[in-house]
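Asker:
Protein chains: 2
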Amino acid sequence: MASHRPDSGYRLDEIDRRIIYALMADARNTSAPMIAEEVSVSPATIRNRIDQLEDHGIIRDYHTSVDFERAEGGLTTLFQCNVSVENREAIAQQVSAIPGVINVRKLMTGRRNLHVVAVGADTQSLERIGRALSELGAEIEDEDLVQDEISRPYTPYGPDETATDPTPTDVISLTGDANVVEVTVSSDSEIRGYTLEEAGSRGVLPDDLLIVAIERDGTVLTPRGETTIRADDVVTVLSRDGIDDRTLHSFRPPAAEPVSDSEPIDP
Amino acid sequence: MASHRPDSGYRLDEIDRRIIYALMADARNTSAPMIAEEVSVSPATIRNRIDQLEDHGIIRDYHTSVDFERAEGGLTTLFQCNVSVENREAIAQQVSAIPGVINVRKLMTGRRNLHVVAVGADTQSLERIGRALSELGAEIEDEDLVQDEISRPYTPYGPDETATDPTPTDVISLTGDANVVEVTVSSDSEIRGYTLEEAGSRGVLPDDLLIVAIERDGTVLTPRGETTIRADDVVTVLSRDGIDDRTLHSFRPPAAEPVSDSEPIDP
DNA sequence: TATGAAAATGGCACACA
DNA sequence: TGTGTGCCATTTTCATA
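If you read the sequences in order, they're chains A and B. Under the working numbering, the first residue of the first sequence is numbered 1, with each subsequent residue one higher. Under the working numbering, the first residue of the second sequence is numbered 1001, with each subsequent residue one higher.
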C-alpha cells in the first residue's frame, strides 16, 4: 500500500517547519535567503527543501487573498452543500471549475460536506453559480455572505520564542463596529520611531484609527501630533470601522521574521 | 462616509484584473515580468500596480496551502461557531491568535457565523483549541475534519479565451476512491511530447494514474509504453486514489499562463 | 516608462556522512 | 546515495530619474 504512496509518512525536521511557517505567513515576499538566515543554513538548502516539500505535496500551492468587495463591490459568498460521499472528489473538482468559485473545502461529514466560496459581481451571478452547483449534484443547504477572512501560519512551526506580543492586550467593543484595543508596540514594528503626524501622513497608520492614549514607563501620555511612538509603548487605539487583522499591521513585527533577532548558531 | 474610506470604490482595469488572476493562481512563482508579458506592459508597471493593490487592501496577503496530514499526520479541523455579532471582529481577531488556528472566516449570519480552521497534531491538541475557542466566547456548534481544500483564481479576471479545456470532460466514479476521467491534453501541458514510459519514470505522471485509452483524430489508440502523448489527445485516465486537482496537473497548461498566446493589445 | 545596481533564483559540481 | 554547500549565469527586484 505504501508503495505507490511514498509521501504518506514524510517526516519534517526543524528546517522544514520553519520554511512552512515563513511561507504560510507570506508566500510572496519571503525569499530563500531570508529564511536561510533565520535557521542558519545556506540559501541553496532552503531552495532545495522547498522544492522537496512541493514535490511531496506537503506544500500544495501559493495563493493570494483578495478583497473583492473593495475591488469592485463583489459579493463573497459561502455555499454549504450536501454531496454524495462516493462522488465527492469528482464533484468537488467540477465545482472548482465553475467560473466565480475560488475555494472548495471537502469535509468528512454526512451533511454540509462541501463548502464552496464563490465571488459574484451581483446577485444574478451568484444565482448562476447556485444553479451550476445544483446541476453538478451539490445540494445547497445554506448560503451566507463572507464578511472577512483571516489566515495565519501554523504557530507550532514558528520560532520557539512564544511571543504573543502582537495580540491586542485587551479589546473593548463599542457601538457598531467601533472598538478600542490596547496594543504593545513591537520593537521592530513599522510604526516605531514615527511621530503620530508622520505615521498618519505616510499611511503607516490607517485613517480610521485614532490613538487615544500612550502608556510609557508606567505613565500615560496624551498623544499629540509630534509625539513619537516607541517600542514597548502600550498604545490605546480607537477604531471606527472595527479592528481587523490588517488594521494593526503597523504595530506588529514584520510577518516572516521573529520578534527578536535569532542568535546564529554557527556563523 | 466615503470620505475616510477612500478605497471603497476602487476601480480595477484590465491590467489589475489580470494581475489578481495571476497572483491568485500562483502567488510565489509568478514574477512581475511574466505578468507583464501577458498584458503587454512593462514589468515596472506591473510592480507598481501590485504595490497599489496591496496598499489599497485589494490584495490582502499571500499564503501557502499546506497538507498537514501528509506532513506529520496532522488533523485539519473546521470548527463552526456562534459568536455574538457585536464582538465578532474582536473575537475573530483573538481566535486567529490561538496556536494551531490557520484560518478564520467571518460570516454574515446569525448562527455558525465564525468558521475556524485549526490544525492539531492529535486529538488532544484539538481539544485544547476547542477549549480556547469556548473561553473566548465562541460557542462551538460543529466540528468536522477537513479532507481537502482547493483554491482557484477568480475566473472572470482571467484571460478572455474562455478555455474550459483543463476540466475533465467526463467523470465516472467507481468503487472506493477510484474513478475514471477523460481529459483533453492541453497544447502546452507538461506531459505533451513524452511517451507514457518517460512520463512515468520522470514523475510527470503520478504513480496511481493509469492511462487506459487515447482518442486521437477520431480513433482510439491502445496506450503502450512507447506511445507519445500529443496535444488535443483525449486521454482516459483511471485513478486508484481519486482524482484530485493536483493529480491532473501534468495535463494542464502551466498555471499562470493563458492557454494560447495572448494577442498583444498595444505593442 | 527606462535604466543600472543589488538581490534572488536555478543549475551544477563538489564535499561530506 | 542523499544532503548540504559554493559558485555561476540569468532573472528579478528596487530605487534612481
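Just so it is clear, CB atoms sit at the ideal spot from N, CA and C, and this is done for glycine as well.
Please classify residue 1153/B: is it buried, with 16 or more other beta-carbons within 10 angstroms of its beta-carbon, or exposed?
Answerer: Buried, by the Cβ-count rule.
Asker: Within 10 angstroms of the Cβ of residue 1048/B, are there 16 or more other Cβ atoms? Answer buried if so, exposed if not.
Answerer: Looking at its Cβ environment, which holds fewer than 16 other Cβ atoms inside 10 Å, residue 1048/B is exposed.
Asker: Are there 16 or more other CB atoms within 10 angstroms of the CB of residue 93/A, so buried, or fewer, so exposed?
Answerer: By the neighbour-count rule (16 or more Cβ atoms within 10 Å), residue 93/A is buried.
Asker: Would you give the residue range spanned by the alpha helix (DSSP H) that residue 1201/B belongs to?
Answerer: 1196–1201 is the span of the alpha helix (DSSP H), which, as asked, contains residue 1201/B.
Asker: For residue 1211/B, name the three-state secondary structure that DSSP assigns.
Answerer: Strand.
Asker: Kindly list the residues whose CB is nearer than 7 Å to the CB of residue 24/A, restricted to its own chain and excluding five residues on each side of it in sequence; keep chain order.
Answerer: Excluding residues within five positions, the ones whose Cβ falls inside 7 Å are 153, 154.
Asker: Going by DSSP, what residue range makes up the alpha helix (DSSP H) through residue 23/A?
Answerer: Counting along the chain, the alpha helix (DSSP H) containing residue 23/A begins and ends at 14–25.
Asker: Figure out for me which residue from 100/A, 107/A, 90/A has the closest Cα to the Cα of residue 1076/B.
Answerer: Ranking the options by Cα distance to residue 1076/B, first place goes to 107/A.
Asker: Going along chain A in order, which residues have a C-beta closer than 8 Å to the C-beta of residue 1103/B?
Answerer: Correct list: 149, 150, 151, 152.
Asker: In angstroms with no decimal places, state the Cα-to-Cα distance between residue 235/A and residue 203/A.
Answerer: Rounded to whole angstroms, residue 235/A to residue 203/A spans 18 Å at the Cα level.
Asker: Applying a beta-carbon distance threshold of less than 9 Å, which residues of chain A neighbour residue 1100/B?
Answerer: Per Cβ cutoff of 9 Å: 154, 155, 156.
Asker: Among the residues of its own chain, which have a CB less than 7 Å from the CB of residue 206/A, if the five just before and after it don't count?
Answerer: Cβ neighbours of residue 206/A beyond the five flanking positions: 247.
Asker: Residue 1164/B CB to nearest chain A CB: under 8 Å?
Answerer: In this prediction, residue 1164/B scores a pLDDT of 47, lower than 50, which makes its location untrustworthy; no coordinate-derived value is stated.
Asker: For residue 1194/B, which of 1124/B, 1186/B, 1228/B has the nearest alpha-carbon?
Answerer: Among 1124/B, 1186/B, 1228/B, the Cα nearest to that of residue 1194/B belongs to 1228/B.
Asker: Which class does residue 70/A belong to by DSSP, given the choice of helix, strand or coil?
Answerer: Helix.
Asker: From which residue to which residue does the alpha helix (DSSP H) around residue 125/A run?
Answerer: Per DSSP, residue 125/A belongs to the alpha helix (DSSP H) from 123–135.
Asker: For chain A, find out if any of its Cβ atoms is closer than 8 Å to the Cβ of residue 1260/B; answer yes or no.
Answerer: Its pLDDT being 39, under 50, residue 1260/B is placed unreliably in this model, and the value from its coordinates should be taken loosely. No - not a single Cβ of chain A is within 8 Å of the one on residue 1260/B.
Asker: Hey, does residue 1020/B have any beta-carbon neighbour from chain A nearer than 8 Å?
Answerer: Yes - at least one Cβ of chain A is within 8 Å of the one on residue 1020/B.
Asker: Here's a check: name, in chain order, each residue in its chain whose Cβ is nearer than 7 Å to the Cβ of residue 1080/B, leaving out the five neighbours to either side.
Answerer: Result list for residue 1080/B: 1112, 1115, 1141, 1142, in chain order.
Asker: Kindly indicate the opening and closing residues of the alpha helix (DSSP H) around residue 105/A.
Answerer: Careful: residue 105/A lies outside any alpha helix (DSSP H), inside the beta strand (DSSP E) at 101–107.
Asker: Check the Cβ of residue 1067/B against every Cβ in chain A and list those closer than 7 Å, keeping chain order.
Answerer: The answer, in chain order, is 57, 58, 60.
Asker: Just curious, the alpha helix (DSSP H) that residue 1238/B is in, first and last residue?
Answerer: Run containing residue 1238/B: none in the alpha helix (DSSP H); it sits in the beta strand (DSSP E), 1234–1239.
Asker: What does the Cβ neighbour count give for residue 85/A, buried or exposed, with the cut at 16 atoms within 10 Å?
Answerer: Burial call: exposed.
Asker: Between which two residues does the alpha helix (DSSP H) carrying residue 1095/B extend?
Answerer: Segment 1088–1095, the alpha helix (DSSP H) holding residue 1095/B.
Asker: Give the single residue among 1021/B, 1087/B, 1218/B whose Cα lies nearest to the Cα of residue 1053/B.
Answerer: Ranking 1021/B, 1087/B, 1218/B by Cα distance to residue 1053/B puts 1021/B first.
Asker: Compare the Cα-Cα distances from residue 1196/B to each of 1188/B, 1183/B, 1214/B and report the closest residue.
Answerer: Ranking 1188/B, 1183/B, 1214/B by Cα distance to residue 1196/B puts 1214/B first.
Asker: With a threshold of 16 other CB atoms inside 10 Å of the CB of residue 1131/B, please say whether the residue is buried or exposed.
Answerer: Flag for residue 1131/B reads exposed.
Asker: What separation, rounded to the nearest whole angstrom, lies between the Cα atoms of residue 60/A and residue 1065/B?
Answerer: Cα to Cα, residue 60/A sits roughly 5 Å from residue 1065/B.
Asker: To which residues does DSSP link residue 76/A through a beta bridge?
Answerer: Residue 76/A pairs with 119/A.
Asker: Let's test the definition: count the other Cβ atoms within 10 Å of the Cβ of residue 1226/B and tell me whether it reaches 16, buried, or not, exposed.
Answerer: Exposed: under 16 other Cβ atoms inside 10 Å.
Asker: List the residues that DSSP assigns as beta-bridge partners of residue 1250/B.
Answerer: The partner list for residue 1250/B (beta bridge, DSSP) is empty, contrary to what the question assumes.
Asker: What's the gap between the Cα of residue 1104/B and the Cα of residue 1188/B?
Answerer: Taking the straight line joining both Cα atoms gives about 37 Å.
Asker: Would the region 1009–1018 of chain B and the region 214–224 of chain A be scored as touching if the rule is three or more Cβ pairs under 8 Å?
Answerer: Not touching, per the Cβ criterion.
Asker: Nearest to residue 1088/B by alpha carbon, out of 1078/B, 1068/B, 1110/B?
Answerer: Cα-wise, what sits closest to residue 1088/B is 1110/B.
Asker: Looking at chain B, is there any beta carbon in it that lies within less than 8 Å of the beta carbon of residue 28/A?
Answerer: Closer than 8 Å to some Cβ of chain B, the Cβ of residue 28/A qualifies, so yes.
Asker: Measuring only the C-alpha atoms, how far is residue 30/A from residue 1123/B?
Answerer: Straight-line Cα distance between these residues: approximately 32 Å.
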